[in-house]
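Working notes, structure below.
Residue numbers (the working numbering), protein chains in the order written: chain S, 202 to 847; chain H, 202 to 847.
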């Protein structure tokens with residue numbers, strides 16, 4: 202095979218590739234990320250790029266995604282285009298770019314709110330200030346001929362004196378250089394002790410002088426799409442900063458399945474592992490710089506992620522998770538030295554991953570249950586975590602049952618014409634009053650597309666305004682924002698003239714159908730789960746909704762479209778990123794970590810895909826809000842009232 | 202500083218050195234080992250080499266060790282000779298060579314006997330077959346949709362089924378590649394479990410197929426002079442082989458103090474650490490090859506050594522041990538991955554070091570007490586471990602007291618004119634009948650010198666034959682083997698004509714004085730220790746003697762010269778290398794390892810150097826066998842009889 206030179210614009214990055222490689226693969230090698238959702242299978246059409254110089258070989262799959270004009274202009278799908286013995290220059294249009302080095306913070310992108318439920322939990326049940334890692338300042342009496350304990354025993358004695366805790370174990374690496382550290386610092390040192398297992402706390406490091414004020418931890422939500430990190434002062438429990446970014450793994454596939462395929466059939470375990478580590482390291486760098494601390498001040502990291510993300514972070518093969526009978530290497534992961542998985546922190550810092558429940562229900566859900574506190578109360582609560590996979594947990598302090606439903610990428614901006622993640626320029630709120638359409642974008646930027654919360658808003662508004670019917674079909678073709686393109690009806694939220702890309706931001710009838718499937722899968726899953734428990738929606742006394750829809754989820758509108766059941770509004774609470782909140786809690790309290798382990802151990806996984814009634818319930822849910830309107834009495838009343846507009 | 206080329210003969214190795222470096226340092230860099238006892242201080246005179254080409258700068262210290270003829274021939278002391286801007290060629294004579302790549306095994310060098318006491322210990326008290334590391338063959342039921350435990354939980358379940366042991370922990374590294382290993386091997390694998398801490402056994406590796414027949418351990422006696430390793434089948438407890446070699450650290454100094462100086466004042470920690478690891482690796486290589494196993498079959502190593510040797514093996518600074526108040530980094534060492542200290546075995550193999558007692562009493566003594574079983578019985582026993590440092594332990598199952606006496610290197614071949622280690626060519630046995638002298642050498646080789654057991658023999662014979670008096674002075678100048686050289690009387694064991702080196706093997710009056718000091722220090726230490734316990738020699742019901750004197754120690758003659766007290770002969774037992782035996786015991790039984798920890802914890806160290814009576818007792822012991830002859834009634838009787846030769 203011969204070598205070919207490939208240049209990416211506007212980055213102006215040139216790399217050497219081999220004939221036969223796809224542009225998507227070559228871009229990943231070059232560190233240029235091209236948006237894609239299907240992992241290079243040619244079925245999402247998101248990786249459009251333009252060949253501006255040279256020729257390349259492409260497949261017939263492009264026809265489904267590119268019109269004649271675009272083809273003539275040189276547009277191709279990067280994943281379906283192989284370089285062949287000719288140097289090429291490729292231009293990546295804005296909509297195909299994935300700005301994965303952009304650090305997204307609370308301010309201008311996703312609001313990672315404290316779950317309010319947490320604050321309501323009596324503090325006695327979630328004892329703070331028992332962090333997994335503590336530092337103790339020791340001013341040791343220097344040894345004498347009569348007080349001649351070894352250095353290590355001297356430290357143990359002082360730890361016992363000061364803290365009434367018996368700390369009998371030391372990690373070997375804490376001993377290396379110990380004699381010199383003690384003597385060069387006049388016996389004034391700080392001991393770092395890991396205390397996850399209260400029966401055997403372990404001395405992990407000895408540092409010169411008093412560094413107790415520099416004891417930080419990082420909580421990590423390892424999402425398939427977005428990774429969020431939070432810097433926490435382990436001494437006070439205070440959150441010092443949040444940094445978020447796209448998971449750099451996205452360049453190898455947008456969803457969990459594509460990543461598993463990449464890891465297992467293309468030898469991609471190491472690149473995926475490196476990608477998630479580099480994402481976290483970049484975020485930690487930002488937290489360290491932004492808070493004027495040092496990497497060595499970070500003594501502990503706690504990560505929560507779905508099983509595949511947890512496996513990839515730890516460098517474990519996720520392959521057996523993908524195929525029946527869907528088996529992970531482990532649900533409960535041993536602690537590991539952060540450095541051993543490529544994370545930059547104190548050389549002896551420990552990474553704990555929160556325990557998973559089953560092949561597709563992960564540490565993010567253990568974290569969510571921990572954070573919302575539903576396992577602390579006798580009343581029956583539910584947690585819905587909406588993402589590409591929707592997870593539902595029902596239970597109380599006695600029992601917990603969960604299930605997982607494939608919701609598809611609609612809530613995260615995939616599978617729809619103008620869908621995008623909840624990042625800068627995404628339409629997140631829409632109001633329709635007659636012919637007047639108003640909208641708000643994230644970061645108040647020019648609109649580039651519409652994110653999950655925007656989609657929920659627009660569909661609810663279209664329904665209330667009778668522009669679509671309850672099956673999601675357009676009925677008001679006289680509305681000035683409704684048009685038909687290529688035989689498909691669509692609603693124009695932002696016209697061409699006012700968008701960032703020069704193309705209109707629209708919602709098509711197909712998009713609505715997609716979203717109805719997504720929300721239908723989640724509601725049907727919850728309904729079947731409850732029925733199997735002999736319960737109905739009304740038995741849920743408290744409903745927690747978690748997920749990265751955007752800054753806010755409009756609960757009212759989510760009920761309107763039938764994503765959430767029609768329960769009393771004050772019993773439903775949007776808790777934001779509960780995975781991150783749970784990881785932080787577990788880091789700040791060994792007791793909470795053990796509770797997360799108990800949650801994971803006790804939770805029963807209910808496999809929906811094999812359940813005979815799920816398909817019936819799914820079909821019954823493919824309506825706005827539902828074919829059984831008696832399930833949504835308040836929505837029914839509201840829709841009845843729309844006959845008499847106010 | 203300019204570069205100088207230095208060639209060593211007969212190795213014919215040439216290296217580049219800098220002006221100012223000593224020949225001893227340059228030789229170490231070149232991997233050529235020159236014998237030396239003082240670590241390059243110019244006080245032992247063992248590093249004689251000959252400058253055959255070029256000139257170098259030397260100090261006046263050479264005059265004490267080289268005569269005029271030798272100086273004219275170009276002899277210098279390697280440690281006192283610096284290269285100066287001129288290339289040199291150096292010849293290393295046989296007596297200055299240290300054959301540290303020679304593998305010494307039981308057959309031709311030191312007999313590392315089983316301590317007989319061990320076999321007498323009821324087996325119930327030292328339960329075998331509870332090795333620190335066990336392997337379990339698991340034929341796992343493949344997962345199904347209804348039996349969908351994670352891989353790790355499936356392994357845990359099977360371990361519990363088969364062994365009624367709850368094994369709840371896994372080392373993170375056991376999970377890496379686990380999914381693939383299980384599936385590629387039809388769920389038939391071997392689990393390696395480390396069980397030192399019975400409350401928390403830890404899964405450390407999963408290997409394909411049934412490898413339970415390949416579970417080996419290595420017991421290591423890390424001596425200052427000699428390192429001995431023993432390959433043990435952890436399944437059966439059988440010893441498969443023994444390999445021994447000089448500690449490669451010797452090139453940086455012969456004794457503990459010189460090595461500490463090198464480690465701490467010359468940045469030599471890393472070279473010393475590498476040297477001991479390379480010594481052990483060489484021995485393990487020989488064991489692996491000799492027994493047709495693989496390094497990966499070694500799952501556990503247990504080392505016993507004095508505190509400095511233990512520190513250097515683990516890469517811990519021994520500096521604070523050397524100066525008052527003599528503090529080690531630790532007495533009890535955490536387990537460490539063998540690979541982390543440079544030892545080649547299974548990648549997840551663990552190295553345990555037996556616990557030390559104080560700065561100068563180490564894991565070799567914990568091991569010795571464990572091996573001789575003295576802490577299991579109510580009768581008071583004593584253990585004497587004779588080396589450069591002599592250690593004495595007295596006690597029973599209730600209490601243990603120990604002390605350490607600097608015996609000097611006489612018993613290991615140092616500090617005497619023709620002394621050498623107990624290696625090939627060393628005179629180890631001597632009988633004098635009138636004018637007839639017979640002797641035996643190790644390996645039946647031509648005599649090169651005399652080792653510890655040979656020295657004891659010859660002095661006892663000289664005393665009985667009235668060739669020397671009880672103060673160690675020659676009195677029979679008519680004996681044909683007695684001569685005076687440079688005003689010093691000496692006894693010729695092997696004449697020039699029959700030796701390997703062409704020089705006579707002799708014992709001088711100065712040598713005898715040295716040995717009297719050595720044996721005096723040990724006996725005085727024991728006496729002071731006993732007095733402080735309100736006891737006398739006769740309270741010792743059982744005396745175990747350990748050490749590397751040579752193949753055998755003649756108990757009778759050791760009493761004759763006053764090294765051992767005059768106790769009933771059947772209460773005294775030479776147990777050989779008890780450090781190695783104890784390390785093996787601890788490896789074969791977690792119970793025994795914990796017993797060694799209890800021994801180390803309970804033992805009281807008695808500091809002799811500050812005791813007012815020690816010096817008096819030492820001076821009183823500088824006589825053959827002792828100034829107080831009533832302490833040695835049997836010897837007195839024998840010496841009285843010599844007036845009437847039979």
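Ideal Cβ positions, reconstructed from N, Cα and C, are used throughout, including at glycine.
- Nearest to residue 531(H) by C-alpha distance, out of 550(H), 556(H) and 469(H), is 556(H).
- Non-local beta-carbon contacts of residue 694(H) in its own chain, meaning distances under 7 Å to residues more than five positions away in sequence, involve 628, 631, 638, 640, 651, 659, 706, 707 and 708 in chain order.
- Of all alpha-carbon atoms in 566(H), 810(H), 393(H) and 430(H), the one lying nearest the alpha-carbon of residue 332(H) is that of 393(H).
- For residue 397(S), the closest of 251(S), 546(S), 554(S) and 559(S) by C-alpha to C-alpha distance is 554(S).
- In terms of beta-carbon proximity, residue 692(S) stays away from the interface with chain H, with every pair separated by 7 Å or more.
- Beta-bridge pairing by DSSP links residue 421(S) to 430(S) and 504(S).
- For residue 513(H), same chain residues with a beta-carbon under 8 Å away, outside a window of 5 residues either side, are 450, 460, 464, 470, 473, 474, 477 and 519 in chain order.
- Fully enclosed alpha helix (DSSP H) runs of no fewer than 4 residues occupy 224–231 of the segment 205–259 of chain S, in order along the chain.
- Contact fails between the segment 767–775 of chain S and the segment 674–681 of chain S, because fewer than three Cβ pairs, one in each stretch, are under 8 Å apart.
- Within the segment 519–568 of chain H, the runs of beta strand (DSSP E) at least 3 residues long that lie entirely inside it are, in chain order, 551–554.
- It is roughly 29 Å from the alpha-carbon of residue 581(H) to the alpha-carbon of residue 509(H).
- Contact check between the segment 813–831 of chain S and the segment 589–601 of chain S: fewer than three CB pairs, one atom from each, fall below 8 Å, which does not count as touching.
- For residue 622(S), same chain residues with a beta-carbon under 8 Å away, outside a window of 5 residues either side, are 426, 427, 447, 613, 614 and 652 in chain order.
- For residue 391(H), there is no enclosing alpha helix (DSSP H); the enclosing beta strand (DSSP E) has its first and last residue at 389–395.
- Closest in alpha carbon position to residue 217(S), among 685(S), 506(S), 604(S) and 290(S), is 290(S).
- Nearest C-alpha to residue 834(H) among 781(H), 802(H), 739(H) and 785(H): 739(H).
- Interface with chain H (7 Å Cβ-Cβ cutoff): residue 744(S) is excluded.
- Going by C-alpha positions, residue 593(S) is about 50 Å away from residue 496(H).
- Taking the beta carbon of residue 345(H) as reference, the chain S residues within 7 Å of it are 526, listed in sequence order.
- Scanning chain S for C-beta atoms nearer than 7 Å to the C-beta of residue 516(H) yields 377, reported in chain order.
- Each residue's CA atom was taken as its position, placing residue 801(S) and residue 558(S) some 5 Å apart.
- Chain-ordered, the chain S residues with CB closer than 8 Å to the CB of residue 537(H) read 373.
- For residue 530(H), the nearest beta carbon of chain S is closer than 7 Å to its own beta carbon.
- Annotation: residue 778(S) is outside any beta strand (DSSP E) and is labelled neither H nor E by DSSP.
- Listed by position along chain H, the residues whose Cβ is nearer than 8 Å to that of residue 370(S) are 535.
- Residue 692(S) carries a strand assignment under DSSP once its states are collapsed to helix, strand and coil.
- Between the alpha carbons of residue 735(S) and residue 769(S) lies a gap of roughly 21 Å.
- In the DSSP assignment, residue 742(S) falls outside any beta strand (DSSP E), carrying neither H nor E.
- Residues of the segment 796–830 of chain H with a Cβ closer than 8 Å to any Cβ of chain S, in chain order: 808 and 811.
- In this structure, 250(H) is the residue among 250(H), 785(H) and 246(H) with its C-alpha nearest to the C-alpha of residue 273(H).
- For residue 381(S), the nearest beta carbon of chain H is closer than 7 Å to its own beta carbon.
- Per DSSP, residue 270(S) has no beta bridge partner at all.
- Contact between residue 253(S) and residue 785(S) does not hold, since their C-beta atoms are separated by about 47 Å, which reaches or exceeds 8 Å.
- With fewer than 16 other CB atoms across the displayed protein chains lying within 10 angstroms of its CB, residue 363(S) is exposed.
- Our two residues, residue 256(S) and residue 685(S), have alpha carbons roughly 35 Å apart in a direct line.
- Across the segment 347–363 of chain S, CB contacts with chain H closer than 9 Å involve 347, 348, 349, 350, 351, 352, 353, 354 and 355, in sequence order along the chain.
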